[in-house]
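Working notes, beginning with the structure itself.
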Amino acid sequence: MDPVSARTLLLIGSGPGIGVAVASLFAQKHFDHIALFARNPSQLEADQETILSSAAEVGRQVHVRTWKVDISDLEQLKAALTEVQSFGTLECVYFNAARVGGSKLFDFPVEEIELDLKVSVTALYVAVQWAMPILANTMQTNPGIGIKPTILVTNSLLPVDPIPELFSLSVAKAAQANLVKSLQKSLSKGGIRVGMVIVGGIVSPDSNFLNPTTIAGQAWELFNQDGADWKDQVSILEDRVDWCPCL
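In full-length UniProt numbering, the protein residues as written are 1 to 247.
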């Protein structure tokens, strides 16, 4: 039996595609408790059923709890995070939230730019600020049994190749990648790993590489690494998977 009680994954930004695919695979492989944050209660319910079913397929029983959260409301986000703290032993936070939509230069309202930054950057900052001492405590109180305190973030190629028609999302993803890099430099010294899953294109079930199953599999490989040579970035591109840093 796993000596760690109820290893917990917090997925911020659950939904069809990457979110539920990551949570389902991580539930099959390792985690006993799955905490889901999203705005849509019906989607949360569907994701919960998918995760439970996926775990059952490999003979695992997991607990899934859902929180209807608008993460741009920072007080609402903080309240939900506080509740997650008693839901098992936090080992991984996967940040998958973003506002994906068109934004026309000079016509897009400033308030919407600020909202994109709040969702992709400020909410991530708040989540990591909350998670950091908890993950450190998880590591310190469970020595020698393979605990992997980790923060993973879904990003894209927009920081290096922005799309003018998506300029607001491009700006938000660039700022998010910069924050992640700062977190990597800061937190790695204390043993908390911070990684990025770079999704380099439009996700589709029909894509050879850019499909939810492949992306989730690479996210798992990123999390599941051992040792000092831990790589902090994997890129899933239209024609390949690349473990060389691109951001």
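Beta carbons: idealized from backbone N, C-alpha and C, even for Gly.
Cut-off 8 Å between Cβ atoms - residues of its own chain near residue i, not counting five sequence neighbours on either side
i    : result
V241 : F209, T214, Q218, V234 and S235
D239 : N208 and F209
S14  : V20, A23, L36, F37, A38, Q43, L44, D47, T66 and N96
E83  : W67
Cα-Cα separation, residue i to residue j
i    : j    : result
L77  : C246 : 31 Å
T141 : D226 : 19 Å
C92  : L157 : 24 Å
E221 : C244 : 14 Å
Q61  : L44  : 19 Å
I198 : A123 : 19 Å
P41  : L74  : 19 Å
P162 : G201 : 12 Å
M1   : I113 : Residue confidence for M1 is low, a pLDDT of 41 falling below 50, so the modelled location carries little weight and cannot support an answer.
N155 : A98  : 9 Å
W230 : L183 : 15 Å
A127 : V58  : 31 Å
S186 : G195 : 13 Å
V180 : D232 : 10 Å
P212 : D206 : 10 Å
M139 : L152 : 17 Å
L237 : S204 : 12 Å
N178 : I145 : 32 Å
P16  : D116 : 20 Å
M132 : I18  : 24 Å
G190 : P149 : 10 Å
N224 : S188 : 16 Å
D70  : S53  : 26 Å
A228 : I147 : 14 Å
Rounded Cβ spacing between residue i and residue j (contact assumed at less than 8 Å)
i    : j    : result
S120 : A175 : 7 Å
I192 : A136 : 7 Å
A55  : A27  : 4 Å
E159 : K173 : What sits at residue 159 in the sequence shown is Pro, not Glu. Their Cβ separation, rounded to whole angstroms, is 5 Å, which keeps P159 and K173 in contact under 8 Å.
Y125 : L11  : About 18 Å; that fails the 8 Å criterion.
Where the alpha helix (DSSP H) through residue i begins and ends
i           : result
A21         : I18 to K29
S156        : Where S156 is concerned, there is no enclosing alpha helix (DSSP H), although the beta strand (DSSP E) it sits in stretches over T150 to S156.
W67         : Note, W67: premise wrong, no alpha helix (DSSP H); beta strand (DSSP E) at H63 to K68.
residue 255 : In the structure as shown, the chain starts at 1 and stops at 247, and residue 255 therefore has no counterpart that could be examined.
G217        : P212 to F223
residue 250 : Residue 250 lies beyond the stretch modelled for the chain, which goes from 1 to 247, so this question has no answer here.
I51         : P41 to E57
A172        : F167 to L187
A79         : L74 to V84
Spatial neighbours of residue i in its chain, beta-carbon cut-off 7 Å, leaving aside the 5 residues before and after
i    : result
V134 : Checking the sequence shown, residue 134 turns out to be Ile, not Val. Excluding sequence neighbours, I134 sits near Q85 and L90.
T8   : F31, H33, A35, F87, G88, T89, L90 and E91
Close beta carbons around residue i, own chain, < 6 Å, minus the five adjacent residues each side
i    : result
G216 : The sequence given here has Ala at residue 216, not Gly. If we look at A216 and ignore the five residues flanking it on each side, its Cβ neighbours are A21, V22 and L25.
Q48  : V64 and T66
K118 : S72
W130 : L81
K68  : P41
P143 : none
Opening and closing residue of the beta strand (DSSP E) in which residue i lies
i    : result
S235 : Q233 to I236
A38  : H33 to A38
L117 : That residue, L117, is in no beta strand (DSSP E); its alpha helix (DSSP H) goes V110 to L117.
K199 : In the sequence as displayed, the identity of residue 199 is Val instead of Lys. Start and end: R193 to V199.
S90  : This sequence places Leu at residue 90; Ser is not what is there. Here the beta strand (DSSP E) through L90 covers T89 to F95.
Near the ligand MG: residue i beta-carbon under 7 Å from a heavy atom
i    : result
D242 : In the structure shown, the ligand MG is absent, as is every other ligand, since no ligand is present at all.
Three CB pairs or more closer than 8 Å across the segment 163-172 and the segment 88-103: yes
The segment 106-115 contacting the segment 27-44, beta-carbon criterion three pairs below 8 Å: no
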